[in-house]
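Q: Just so you know, the sequences run in chain order A and B. Throughout the first sequence, residue numbering follows the working numbering, covering 1 to 1032 in sequence. Throughout the second sequence, residue numbering follows the working numbering, covering 10001 to 10262 in sequence. Structure incoming, see below.
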Amino acid sequence: MSWKQYSSAMERYAIKTDDMATEDAYFMATHMPFAQLEVYRGGKTTATPKVMSEAEVFDNLVYNPDNEHRLIIVRGDNGTGKSHLIRYLKAKLEHSPATVYNPANEQLIFLRRLNNSVRGVFSQLLEQKVIKDNDVAEKLKKFVESSDAKSESAFKIEILHSYAAAVENDESEEVYKRAFHLNIASFLSDSRVKEHMMREGGAISRCYTVITAPSDQVLKDNTIFSADDFNVRKLLKEVHRQGDPRAQDCADTLLGDDDEVAKLVNYLNKFTRDVVQRCADISSESTKSVFVELRKDLKRQGKNLTLFIEDFTGFTGIDSELITVLSTEHGGDYADLCRVTAIIGITNDYYDQFRDNFTDRVTHQISVTYNSFSTEEFLVQMSARYLNAIYCDPDTLRDWNKNGAVLEDLPISKFAPPCKWETTTIEGKEVTLYPFNKNAIMSLYEHLPVKSPRRFLKDVIRAQLKEFFDGKEYGDDWHFPLNQANIQMSNDPHSSTIDRLESFSVAERNRLKSVLAIWGDGSATYAKADDGVETIGGLSKEFLNDIALSEFAGIGSGAKVPEKKPEQKPVDKEPDNKPKPVDGATKDYLKYKEDITAWFVKNESLKYDADYRNWLRTLFRGDAKQCGAVNWQDIGVPAYIADERLADLAAYYIDDQSQPANAEKAIVFMDRSAESRDALFALNELRYAKGWDFEGAAYYQQRLITWLERRKDEVIEKVIASKIDNQLPVLEWCIALQYLKACILGHKIDMSSPVTILESLMKDIKRNDKINRETREWNDLIQFTQNKEADFFNAFNMLKRSAATTMGAIHFSAEGTIKSCYRTNELISAVEHLMESEWDIEKALPEAIPAKHLLYNPATLLKSLYTSVKKAMAAEITQVDEVLKKVEGYVGDINKDNLISTLSAIQDLFSVFAQNGILGANDLRTKYEKAPVEVATEILEHTEKLISAKNASAVMQLKIYSDNSLNKVSDFLRDLQVIAQKAETEGTKATNAIANISGVSNMAELSDAAKESMKELHGLLKNAEVYDDATN
Amino acid sequence: MFKSNPDFMRMAPTPERVLAVCRLVAQKPISETDLRDAMSLLNADVDIQPITESVNVALSELDLIKNQNGLLTLAVDESIISSPTEFRRYVSARVFQKKDTTFYLFTRWIIAQNERLFSLTNWESMAKTCAQEQAELKALNENAVLGWRFWAAFLGLGYLSGTMIIPNMKLRLEDVIKTEFAKKFKCNEAIRATDFIAWLSGKLPEVDMTGKLPLALSAALRTLHELHIIELATWQDGEKIMLYFVDGEPINDFTHITVKEA
């Protein structure tokens, strides 16, 4: 047989869309014996069941030699195989020897799901020539034919009219007032409403289907009408505008009112049974009577009845009547009825809805549960049978069926897989599982959203085989195997290696991973056995060749044979499978893994990026105690700078993270790639294992280090915001700030050598309130340092900490007192450069300075400080000029001789004051007690300093003026001013005194000395410049 | 740090500090006292001992500086201390040739542990285990290993991670290739792996290359290959050099290697 033929056999015979359409030969060839069926006596669901095999169920319940009345319910959820069981029991009965089944005295009726409409039931009965009574047969025939004869539209109109009539004739006012019934009837008769109801999928069409057409849709209850039939705004508005008054009223009630719509739906649905019966032209009585007649007829013929109903749920309109007939025990009052063994399939939900009296009528229940089919044994067997049926020649199977379908004689196909492959046995005969194996069967089953034989058949066997056959037939564009559940390889390193195979397309990589994950042992390990058989992930290489994956050579030379992983098959699980509790750490590990996988595989956003970025931070920066993978201080980046720049989580950005952030500002950027995914996996493993002691550590380290090394240089450059061999002169800027601050605050700097300068500047420089500055602008400078205290502090802090060496974790650089030695060479270089620039590096500052940037902040501060300094020095110079000019006014040219002369004169003045008992200005007197030459030298020094700075740069001026010479000279000036003032005052007094002396009678009594003194004083004062000045 | 065994391998003289000492000395000959003052900036809080130890390393162990009439001066060309990279290459070219130092012996032992290293989850257990297994290193303690790790990471033997070192000699190997390879081989040309390894074993004496290459070196080769700095290839009929097997790694051996021109 060819691949096309296999595919055809599968689609047409073995696995049809509706498996009940399978022809007998295939049904029998693929039937899986039910090993564990739960059998209950009676109809209650609370009794304790007895477990029986399929054969036992047949022998005890179907085979009825004692002619017991039996109403057997076969229960199970959809897809559990109850229909299958019923069909099989019927087939088994049919194929049984005459001692078990004798058509002469046993009538066998099988009502399939396919024809579960009312018409369908009777059609089947007619077909099977069950009805012997001609009258009844005629009646049924008439109905079936009339249903055929009537056109679909005519029939539908009849249905709609029946509803309208039913409503109109409804006398009860339980739901609506009678008057409203007429409104509803009128509404239903409105032409627009009719059209809507009769649309494809509308209520009336549904009802039509129930009555007439074959349907594979099982109606759970009588919901013919639904909200969609009435909830159409457009329709209701049209009726409101154009319908007759009653219809309008109804439409108005419904418009925009969901509750009213629901009420109407429920109301109308109540009439379905009656409508169905009326339109089907079969009253419930007739249905009942047909079956009663049937039983009577059979009794007359000396026959009993075994009735199989595959799916009872669909018998809308006649269900309770049918049950009543079937549950009536023969004998006694009903001696004219034959014995009936009814085997009826019902879903669990439907059974639960039964009225109690129904359950009382049930004699036995067979429950088909999860237990029966979830075992490996069952699933493997099932797969094998279907595969065998597909690989077998159809005619061979049909012949086998004709001859009684004896299981021991089941034909085995001659299909040969391309290599040694897993098999199983059916009735002792070996059958291949190719292209499946046990791993695949169990894994695919386990990952089904709904686990049932039907879903297994459709979504696993058929779906996979379709792709397999297509691939084999056409040779290209392989999709086998499908992996809807996205089952991953258990060996992550291998999976990631496959992801990086550039010679494979993405689709091929995924196929390969799927095969290895589902069929293989989860790895891609290459191995060659002693007999030369090559395997990859435990799978024969021939198999991979067969499914067009021959290019893959596997991973590793097999030098290290991986330990076989313990098999994880779900053997005999509990029905409600409670998951084992996992600890918090494992939960986290798994959630991170899932999140990272979804990010890479499905392009989803990362949910837990804050955690991953934290991991990256530890990688690059270390933590409070331990080093990270980059030894910053040893590669030329100060530990403090690295620590600060890498401290904030915002410095780390991962492509498509959930936390909104500016990727441009990130220092560490992680792209979405296989390499990054692997790096995150590595960090997740590291975190979970709290170290590197775990399986696969070497692999993960490799991935992590490669990721790191590829990006390290870029990260370093971003940390220092420059190239490694041309770093920003941060230390220089900070030293300059300290220098300027020291000058501004009058702090002494030992300028002997760079080291002494550093020793002076590497200290906390505080304001000295004892220093008084002469200009407002200088005081503003001082205020500036106060206002920007935090910035100055940060710069100084950065200076100290980034110039200090750090041993170990870079975070140590940021904490506590600095106990570590400095890289003084760097500081010295910085100072030397500053000295060469005369401490004015304003022009060397970058033009564009990024704001709020750790490394650039000192530059920002420096820029504004230089501006302020320059302004202040301009003012200072002006003040200097003024002061010196004023001093010159008193002293003359400021030179030593003139100063000495002035100072001597002051001393003399004070003597005169003393001699004449003139009090006051004692402090000044004391001040100028020193030898004039001494004071003169001092003052000259200060003035010369002031003059020398006039042509210097602003920064040099700042330094020169830092020790406050201006204040000293200004003080001197102030003193001169006070003395002059005093002299003037006393002079005036003296003049007046002399003038008064001549007017006094006893003038002669004044001593000559006194007179002489006064004269002297007057003369002195007259001579003294002081006096001149004072008088000016 | 690089004294003959037994050596306590003190932590304090880190690469950063040793280089800072050399650079200071290079600026101007300086007495040790003045150097201490300078590097502490006369700050009483600063610990002097690390400075002394760093001077000793530079002076007695690495021959970077010398004492001339009471003044320390640079004993090597200034280019050696012009960058951390040059400094590193100078040091690594020397320290592994001195095979009697504790540093060398311990490094060799660490590299030979391969994956077993991961189970020695902290420095203390590394020290203890080595001390038990290597007679000549019986005096080894945790502090010594703590000191060793900074130079180990600096010289490119691995990457620090928590209380462990990830064995990957990418930087060390890259240094050797960049400084020495062109003296013997041509770049952009496939070299026989056996020739390469024979040559390399002289340059990386701390690595035993007699059998399969240890993990640290294998990891380095793999990383350099992935970064396209070298290319490892396996040719048929070539004599294979086996890398340390890592499950999942596509390359586990090579017959030829090409070093790409920088």
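Don't be surprised by glycine CBs; every beta carbon is placed ideally from N, CA and C. Small disclaimer: the values here were computed from a predicted structure and weren't measured.
#1: Could you check whether the segment 46-62 of chain A touches the segment 27-34 of chain A, counting it as contact only if at least three pairs of C-beta atoms, one from each stretch, sit closer than 8 Å?
#2: Closer than 7 Å by C-beta to F10154 (chain B): which residues in its own chain qualify, once you throw out the five before and the five after it? Chain order, please.
#3: Can you tell me whether E174 (chain A) is helix, strand or coil according to DSSP?
#4: Anyone know if the C-beta pair for Q107 (chain A) and N304 (chain A) falls short of 8 Å?
#5: Under 8 Å: do the segment 257-269 of chain A and the segment 290-309 of chain A share three or more Cβ pairs, one atom per stretch?
#6: Please confirm if the segment 639-651 of chain A is in contact with the segment 519-536 of chain A, defined as three or more CB-CB distances below 8 Å between the two stretches.
#7: Let me know the secondary structure DSSP gives M10001 (chain B) once reduced to three states.
#8: Go to P10167 (chain B), then tell me how far its beta strand (DSSP E) extends in each direction, as first and last residue.
#9: If you reduce the DSSP assignment to three classes, tell me which class I10110 (chain B) lands in.
#10: Note the first and the last residue of the continuous beta strand (DSSP E) segment covering N10067 (chain B).
#11: Kindly list the residues whose CB is nearer than 7 Å to the CB of K299 (chain A), restricted to its own chain and excluding five residues on each side of it in sequence; keep chain order.
#12: Assign S1007 (chain A) to one of two classes, buried (16 or more other C-beta atoms within 10 Å of its C-beta) or exposed (fewer than that).
#13: So, does the CB of V755 (chain A) fall closer than 8 Å to a CB anywhere in chain B?
#14: Along chain A, which residues have their Cβ under 8 Å away from the Cβ of K10170 (chain B)?
#15: Interface residues of chain A around G10162 (chain B) at Cβ under 7 Å?
#16: In whole angstroms, what is the alpha-carbon distance linking E567 (chain A) and A517 (chain A)?
#17: With a cut-off of 8 Å, does the C-beta of R10222 (chain B) fall near any C-beta of chain A?
#18: Might you give, ordered along the chain, the residues of its own chain that have their beta carbon closer than 8 Å to the beta carbon of K10260 (chain B), omitting 5 neighbours on each side?
#19: Starting from M10039 (chain B), find everything on chain A with Cβ-Cβ shorter than 7 Å and list it in chain order.
#20: For a minimum of 3 consecutive residues, which ranges assigned as the beta strand (DSSP E) are wholly contained in the segment 600-655 of chain A?
#21: Does the beta carbon of M762 (chain A) sit closer than 8 Å to a beta carbon anywhere in chain B?
#22: Rounded to the nearest angstrom, how far is the Cβ of R455 (chain A) from that of L448 (chain A), given a contact under 8 Å?
#23: Can you have a look at A9 (chain A) and say buried or exposed, based on whether 16 or more other CB atoms are within 10 angstroms of its CB?
#24: How is T324 (chain A) classed by DSSP in three states: helix, strand or coil?
#25: Threshold first: 3 residues or longer. Then list the beta strand (DSSP E) segments lying entirely within the segment 10051-10102 of chain B, N to C.
#26: For L758 (chain A), return the contacting residues in chain B, with the cut-off set at a CB-CB distance below 7 Å.
#27: Could you check the C-alpha separation between R12 (chain A) and R462 (chain A) for me, to the nearest Å?
#28: Kindly list, in the order they appear in chain A, the residues whose Cβ is closer than 8 Å to that of I10166 (chain B).
#29: Give a yes or no on whether 8 Å exceeds the smallest Cβ distance from D725 (chain A) to chain B.
#30: With DSSP run on the structure shown, which of helix, strand or coil describes S1069 (chain A)?
#31: Leaving out five residues before and five after L862 (chain A) in sequence, what residues of the same chain have Cβ atoms less than 7 Å from its Cβ?
#32: Starting from R773 (chain A), follow the alpha helix (DSSP H) in both directions and report where the run begins and ends.
#33: Who are the neighbours of S496 (chain A) on chain B, taking C-beta pairs under 9 Å?
#34: Please list, in chain order, the chain A residues whose beta carbon lies closer than 7 Å to that of R10010 (chain B).
#35: Against chain B, with Cβ distances strictly below 8 Å, would T805 (chain A) count as a contact?
#36: What is the rounded straight-line gap between the Cα of K98 (chain A) and the Cα of R70 (chain A)?
A: Looking at the coordinates:
#1: yes
#2: Taking the first residue of the second sequence as position 1, residue 10154 (chain B) is located at position 154. Only P10015, R10088 meet the Cβ criterion.
#3: Walking along the first sequence from the start, residue 174 (chain A) turns up at place 174. The answer is coil: DSSP assigns E174 (chain A) none of H, G, I, E or B.
#4: By one-based count along the first sequence, residue 107 (chain A) stands at place 107. By one-based count along the first sequence, residue 304 (chain A) stands at place 304. Taking 8 Å as the Cβ cut-off, Q107 (chain A) and N304 (chain A) qualify as a contacting pair.
#5: no
#6: no
#7: Residue mapping note: residue 10001 (chain B) aligns to position 1 of the second sequence, counting from 1. Coil, per DSSP.
#8: Residue 10167 (chain B) sits at position 167 when you count from the first residue of the second sequence. Note, P10167 (chain B): beta strand (DSSP E), 10164-10167.
#9: In the second sequence, residue 10110 (chain B) corresponds to position 110, counting from 1. It is helical.
#10: For the purposes of this step, residue 10067 (chain B) is identified with residue 67 of the second sequence, where counting begins at 1. 10065-10068 is the span of the beta strand (DSSP E), which, as asked, contains N10067 (chain B).
#11: The residue labelled residue 299 (chain A) in the question sits at position 299 within the first sequence. Excluding positions up to five away in sequence, the list reads D336, L337, C338.
#12: Residue 1007 (chain A) sits at position 1007 when you count from the first residue of the first sequence. Below a pLDDT of 50, predicted positions are generally treated as unreliable, and S1007 (chain A), at 49, falls in that range; the measurement from the model is reported next regardless. It counts as exposed.
#13: Your numbering for residue 755 (chain A) matches position 755 in the first sequence. V755 (chain A) counts as touching chain B.
#14: The count along the second sequence starts at 1 and reaches residue 10170 (chain B) at position 170. Chain A residues near K10170 (chain B): I705, E709.
#15: If you number the second sequence from 1, residue 10162 (chain B) lands on position 162. Going along chain A in sequence order, the residues near G10162 (chain B) (Cβ under 7 Å) are Q626, G691.
#16: Taking the first residue of the first sequence as 1, we reach residue 567 (chain A) at position 567. Taking the first residue of the first sequence as 1, we reach residue 517 (chain A) at position 517. Because E567 (chain A) carries a pLDDT of 42, less than 50, the predicted location of this residue cannot be relied on, and no value is offered for it.
#17: Here residue 10222 (chain B) refers to the residue found at position 222 of the second sequence. True, the Cβ-Cβ gap to chain A drops below 8 Å.
#18: Position 260 of the second sequence, counted from the first residue, corresponds to residue 10260 (chain B). Taken in chain order, the residues that qualify are C10187, N10188, H10228, I10229, I10230, E10231.
#19: Locating residue 10039 (chain B) in the second sequence gives position 39, where the first residue counts as 1. Correct list: C821, Y822, T824.
#20: 652-654
#21: As a working mapping, residue 762 (chain A) is identified with position 762 in the first sequence. Yes, M762 (chain A) lies at the interface with chain B (some Cβ there is under 8 Å from its Cβ).
#22: Sequence index remark: in the first sequence, residue 455 (chain A) carries index 455 (1-based). Sequence index remark: in the first sequence, residue 448 (chain A) carries index 448 (1-based). Confirmed, about 5 Å.
#23: Against the first sequence, residue 9 (chain A) aligns to sequence position 9. It is buried - the Cβ of A9 (chain A) has at least 16 other Cβ atoms within 10 Å.
#24: What you label residue 324 (chain A) is simply residue 324 of the first sequence in a count that begins at 1. Note: T324 (chain A) maps to helix in three-state DSSP.
#25: 10065-10068, 10071-10074
#26: The residue you call residue 758 (chain A) lines up with position 758 of the first sequence. The answer, in chain order, is L10041.
#27: Translated into positions along the first sequence, residue 12 (chain A) becomes position 12. Translated into positions along the first sequence, residue 462 (chain A) becomes position 462. R12 (chain A) and R462 (chain A): Cα-Cα distance of roughly 12 Å.
#28: Numbered from 1 along the second sequence, position 166 holds the residue referred to as residue 10166 (chain B). Here the neighbours are A629, W692, Q701, L704, I705.
#29: As a working note, residue 725 (chain A) is residue 725 in the first sequence. So yes, D725 (chain A) belongs to the interface.
#30: With chain A running from 1 to 1032 in the structure shown, residue 1069 (chain A) is simply not present.
#31: Counting from 1 along the first sequence, the entry for residue 862 (chain A) is found at position 862. Answer for L862 (chain A): W733, A736, L737, L845, listed in chain order.
#32: Within the first sequence, the letter at position 773 stands for residue 773 (chain A). Looking at the DSSP string, R773 (chain A) is not in any alpha helix (DSSP H), and its letter there is neither H nor E.
#33: By one-based count along the first sequence, residue 496 (chain A) stands at place 496. Simply G10248.
#34: The sequence position of residue 10010 (chain B) within the second sequence is 10, counting from 1. Near R10010 (chain B) there are no residues of chain A at all, since even the closest Cβ is about 10 Å away, more than 7 Å.
#35: Position 805 of the first sequence, counted from the start, is the residue given in the question as residue 805 (chain A). Closer than 8 Å to some Cβ of chain B, the Cβ of T805 (chain A) qualifies, so yes.
#36: The residue labelled residue 98 (chain A) in the question sits at position 98 within the first sequence. The residue labelled residue 70 (chain A) in the question sits at position 70 within the first sequence. The sequence given here has Ala at residue 98 (chain A), not Lys. Each residue's Cα considered, the two are about 21 Å apart.
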